[in-house]
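Okay, so here's the structure we're looking at.
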Amino acid sequence: MISSPFNTSASNFGNAAMQTSDVPWDTPVKMRLGADGPGETGAYIEVSTTRGFAKRIPIDEARLSECRQEQDGAAGIALCQQLVDDLAARIKTAVAEAVRG
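Be aware that the sequence shown starts at 54, since it is given in my numbering, and climbs by one per residue.
What follows is the structure, encoded as structure tokens:
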């Protein structure tokens, strides 16, 4: 659950989403944070397996910006929580795809 104050860096959202996704520790996937450019530019969560599966889940820069603009308060917390929940749902889907092969 997001609370105030919440650090609105892309990596913080990515870490929160990976934790929220509740992927069992023995699932044969790896998750990592990455970025295509300096800092948070093109930030993503990557779900991969040793069998060659790899899926990038982008962390939406526009939604990050919205969260930063709202800052504290109920509306900001709700926006941040929704972004984390959406990313976690996409992680779960990617993990399911990876396990299916």
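C-beta atoms are modelled at their ideal positions from N, C-alpha and C, and glycine is treated no differently. Since this is a predicted model, take the numbers as computed values, not measurements.
Collapsing the DSSP output to three states places residue 153 in a helix. Of all C-beta pairs linking the stretch 101 to 110 to the stretch 118 to 134, fewer than three are shorter than 8 Å, placing the two stretches out of contact. Separation of residue 96 and residue 87 (C-alpha to C-alpha, rounded to the nearest whole angstrom) is 6 Å. Only residues of its own chain outside the window of five on either side were considered, and among them none has a CB closer than 6 Å to the CB of residue 128.
DSSP places residue 121 within a helical segment (H, G or I) once states are collapsed to three. Under the three-state reduction of DSSP, residue 148 is assigned to helix. Around the Cβ of residue 149, a 10 Å sphere holds fewer than 16 other Cβ atoms; the residue is exposed.
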